Amino acid sequence: MAERQARRAAGKDIRPGKGRSRWLGGLLVTAGVLVAAVSIVYVGGMIYFQDKFLPNTVINGTDVSYCTVEEVDKRIARDVENYSIEIAVRGGGKEYIDADDIDYRYVSRNEVELFKVNQGAFEWPLSFFKSYEYSFESSTAYDEEKLKDALASLDCMQDMEPPEDARVEFSGGTYQLVKEEEGTQIDGEKLEALMKNVIQAGARGVSLEEQGCYVEPAVRSTDETLQKLYKNLKTYTDARVEYTFGDEVEVLNGTTVKDWLSYDEEGNVTLDQTKVTQYVAELAAEHDTYNKSRHFKTSDGTYVDVSGGSYGWQIDQAAEAAQLSQELAAGERVSREPLYAQRAASYDNCDLGGSYVEVDLTKQHLWMYVDYQLVVESDFVSGDMTKEGRMTPGGTYSLYYKVSPYVLTSTTPGDSYEEPVTYWMPFNGGIGFHDAPWRGSFGGNLYITGGSHGCINLPMQAAATMYQNIYAGFPVICFYR
Numbered sequence: 001m002a003e004r005q006a007r008r009a010a011g012k013d014i015r016p017g018k019g020r021s022r023w024l025g026g027l028l029v030t031a032g033v034l035v036a037a038v039s040i041v042y043v044g045g046m047i048y049f050q051d052k053f054l055p056n057t058v059i060n061g062t063d064v065s066y067c068t069v070e071e072v073d074k075r076i077a078r079d080v081e082n083y084s085i086e087i088a089v090r091g092g093g094k095e096y097i098d099a100d101d102i103d104y105r106y107v108s109r110n111e112v113e114l115f116k117v118n119q120g121a122f123e124w125p126l127s128f129f130k131s132y133e134y135s136f137e138s139s140t141a142y143d144e145e146k147l148k149d150a151l152a153s154l155d156c157m158q159d160m161e162p163p164e165d166a167r168v169e170f171s172g173g174t175y176q177l178v179k180e181e182e183g184t185q186i187d188g189e190k191l192e193a194l195m196k197n198v199i200q201a202g203a204r205g206v207s208l209e210e211q212g213c214y215v216e217p218a219v220r221s222t223d224e225t226l227q228k229l230y231k232n233l234k235t236y237t238d239a240r241v242e243y244t245f246g247d248e249v250e251v252l253n254g255t256t257v258k259d260w261l262s263y264d265e266e267g268n269v270t271l272d273q274t275k276v277t278q279y280v281a282e283l284a285a286e287h288d289t290y291n292k293s294r295h296f297k298t299s300d301g302t303y304v305d306v307s308g309g310s311y312g313w314q315i316d317q318a319a320e321a322a323q324l325s326q327e328l329a330a331g332e333r334v335s336r337e338p339l340y341a342q343r344a345a346s347y348d349n350c351d352l353g354g355s356y357v358e359v360d361l362t363k364q365h366l367w368m369y370v371d372y373q374l375v376v377e378s379d380f381v382s383g384d385m386t387k388e389g390r391m392t393p394g395g396t397y398s399l400y401y402k403v404s405p406y407v408l409t410s411t412t413p414g415d416s417y418e419e420p421v422t423y424w425m426p427f428n429g430g431i432g433f434h435d436a437p438w439r440g441s442f443g444g445n446l447y448i449t450g451g452s453h454g455c456i457n458l459p460m461q462a463a464a465t466m467y468q469n470i471y472a473g474f475p476v477i478c479f480y481r
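If you read the sequence shown in full-length UniProt numbering, its first letter stands for residue 1, the second for the next number, and so on.
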């Protein structure tokens, strides 16, 4: 008791409840101050973000934190004003259309404002720990007429080269497959439609080739019908027929054959048989010697023109045309003689070669050569010139055959006979060489009034030697001077 009184006397209250109350009061005051401060900051943040986007806000990939709707719209408008389209053209070139060219501009439809409305300013403290991402297609507008003008002024729209179809073309002696040319011609309607889509999507680059804006060739080298046509035409024009006429050669190749060909829409090729026949006829007209005059050099060195007879080269035109058509259709390359209806012994020396009988009906003298060597030279007696039908005709012939012995006969009324001979060698119907043992002399002018029925009457020895050396097909040339 005395101690408590002493403490009181000293002014000290030693009650335990009173000190705790003071501590709690101070704590409450501090807490109140903090709450007030936080409230002030929070409310201030709400006021600040009332017209601004919260932190970590992204629109169309752009950070717009702390920006107002107006600021974001202006930023989008600036981006739109900087809009440019890069156009890749054929050949690697680049062209551009800028926003100014087409009056391209941003037209707000309150999209940004709606994003802001959807953000509650009251949650601004939480925004530091989360993100807000928005996207939209910016509403834009442009002048379509200016777009048309801009497209028309592009370099790629000037001096355009149209595409060229793949084709077959005759070159270098045969047909070649010429690939298509892509050209640089642009389809204006496709280009305009494409650019409208590009602008609508906000794209900044486009390839005209990838988007199919170029006018394409109608026929490409891979076209099956074109390939078929090329193969068929080339087969014909690759063919080569080398005709040999002794040392002379005539070549038929694609340069000529190309004009004989026609084709249809399916690539089928037709060979004009009329032109084939005409070509063979021209070949025969140039090279046939049958029934043509010969400018012959005689044994005495002079020249005579000999016409008539049955000798010479003669092309079988029908057979040759058929053979040629087959070779052309197969694309063959051959060297050969034409097919002959009749052959001669040689292409040299008026088709006579080095083995022939030369019969000079005026001089009544003959020469027989074998391989250019004289083996027989003799006078003779030919057909009677005064009696009708007995004159020995001139012309060029070939021996039919030879036979020994033989009996010459005639059943002509008033002129019938049977005359045995040792050697018989016919060359022109019933006219031939034979021995004439009933004659005592030969040559001179005996033939004029005392000639034969048309045959060449020879001395026995001359006939024998001739018989030994002659054979079927042996050339005989007879002439008057």
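Cβ atoms here follow ideal geometry from the backbone N, Cα and C, with glycine treated the same way.
Remember, it's a predicted structure, so these values are computed and weren't measured experimentally.
Legend entry - Range covered by the beta strand (DSSP E) that runs through residue 340: 340 to 342
Inset, instruction - Spell out the partners DSSP gives residue 456 in its beta bridges. - result: 433
Legend entry - Whole-angstrom distance between residue 21 and residue 11, CA atom to CA atom: Bear in mind that a pLDDT of 49 at residue 11, under 50, signals an unreliable position, so the number given afterwards is only what the model happens to contain. So the two alpha carbons sit approximately 19 Å from each other.
Inset, instruction - May I ask which residues mark the beginning and end of the alpha helix (DSSP H) holding residue 256? - result: 254 to 257
Legend entry - Simplified DSSP assignment, three categories, for residue 142: coil
Legend entry - Residue burial classification, residue 110 (beta-carbon count within 10 angstroms, cutoff 16): An exposed status is given to residue 110, since fewer than 16 other beta-carbon atoms sit within 10 Å of its beta-carbon.
Inset, instruction - Give the range of the alpha helix (DSSP H) segment to which residue 197 is assigned. - result: 188 to 201
Legend entry - Counted within 10 angstroms of its Cβ, other Cβ atoms place residue 42 as buried (16 or more) or exposed: exposed
Legend entry - Completely contained beta strand (DSSP E) runs for the stretch 352 to 413, where each covers 3 or more residues: 356 to 360, 365 to 370, 373 to 379, 395 to 398 and 406 to 410
Inset, instruction - Assuming residue 69 contacts residue 106 (C-beta within less than 8 Å), just tell me the rounded distance between them. - result: Contact doesn't hold; Cβ gap of about 13 Å is too wide.
Legend entry - Per-residue DSSP class, three states only, for residue 1: Low local confidence applies: a pLDDT of 49 at residue 1 is under 50, so the model's placement there is unreliable, with the coordinate-based value given in what follows. Note: residue 1 maps to coil in three-state DSSP.
Legend entry - DSSP beta-bridge partners of residue 485: The structure shown has nothing for residue 485, since the chain only spans 1 to 481.
Legend entry - Residue from 241, 295 and 290 whose Cα sits closest to the Cα of residue 276: 241
Legend entry - Opening and closing residue of the beta strand (DSSP E) in which residue 428 lies: Judged by DSSP secondary structure, residue 428 falls within the beta strand (DSSP E) whose first and last residues are 424 to 428.
Inset, instruction - Determine the burial state of residue 466: buried for a count of at least 16 other Cβ atoms within 10 Å of its Cβ, exposed for fewer. - result: buried
Inset, instruction - Kindly give me the distance between the Cβ atoms of residue 380 and residue 457, rounded to whole angstroms, as I take these residues to be in contact under 8 Å. - result: 6 Å
Legend entry - Supposed close pair residue 369, residue 354 - CB separation, criterion 8 Å: Going by Cβ atoms, the distance from residue 369 to residue 354 rounds to 6 Å, so yes, they are a contact pair.
Inset, instruction - State the DSSP-derived secondary structure class of residue 74, mapped to helix, strand or coil. - result: helix
Inset, instruction - Please work out which residues of its chain come closer than 8 Å, Cβ to Cβ, to residue 213, disregarding the five sequence neighbours upstream and downstream, and give them in chain order. - result: Only 186, 187, 190, 191 and 194 meet the Cβ criterion.
Inset, instruction - Tell me whether residue 416 sits in a helix, a strand or coil according to DSSP, three-state version. - result: coil
Inset, instruction - Tell whether a beta-carbon distance below 9 Å holds between residue 455 and residue 414. - result: no
Inset, instruction - Could you please give me the residues that DSSP links to residue 475 through a beta bridge? - result: DSSP, once it has assigned bridges, lists 398 as partnering residue 475.
Legend entry - The alpha helix (DSSP H) enclosing residue 279, as first and last residue numbers: Per DSSP, the unbroken alpha helix (DSSP H) holding residue 279 starts and ends at 273 to 287.
Inset, instruction - Out of 132, 135 and 408, state which residue places its alpha-carbon closest to the alpha-carbon of residue 425. - result: 408
Inset, instruction - Rounded to whole angstroms, what's the CA-CA distance from residue 54 to residue 66? Just pull it up for me. - result: 6 Å
Inset, instruction - Give the DSSP-derived three-state secondary structure of residue 345 in the structure shown. - result: coil
Inset, instruction - Look up residue 230 in the DSSP assignment and say whether it is helix, strand or coil. - result: helix
Inset, instruction - Examine the Cβ distances between the stretch 371 to 388 and the stretch 326 to 341 and report whether three or more of them are shorter than 8 Å. - result: no
Inset, instruction - Starting from residue 449, follow the alpha helix (DSSP H) in both directions and report where the run begins and ends. - result: 446 to 450
Legend entry - the stretch 463 to 479 touching the stretch 387 to 401, judged by at least three CB pairs closer than 8 Å: yes
Legend entry - Local conformation of residue 107 per DSSP, three classes: It is coil, neither helix nor strand.
Inset, instruction - Could you check the C-alpha separation between residue 428 and residue 309 for me, to the nearest Å? - result: 8 Å
Inset, instruction - Compare the C-alpha of residue 280 against each of 78, 161 and 257 and name the closest. - result: 257
Inset, instruction - Please name the residue in 50, 267 and 376 whose C-alpha comes closest to that of residue 560. - result: Coverage of the chain is limited to positions 1 through 481, which leaves residue 560 absent and any answer about it impossible.
Inset, instruction - Count the other C-beta atoms from every protein chain shown that fall within 10 angstroms of the C-beta of residue 7, then say buried if there are 16 or more, exposed otherwise. - result: Reliability fails at residue 7, whose pLDDT of 49 lies under 50, so the model's placement of it is uncertain and no value is given.
Inset, instruction - Look at the alpha carbon of residue 161 and the alpha carbon of residue 184, and state the distance between them as a whole number of angstroms. - result: 5 Å
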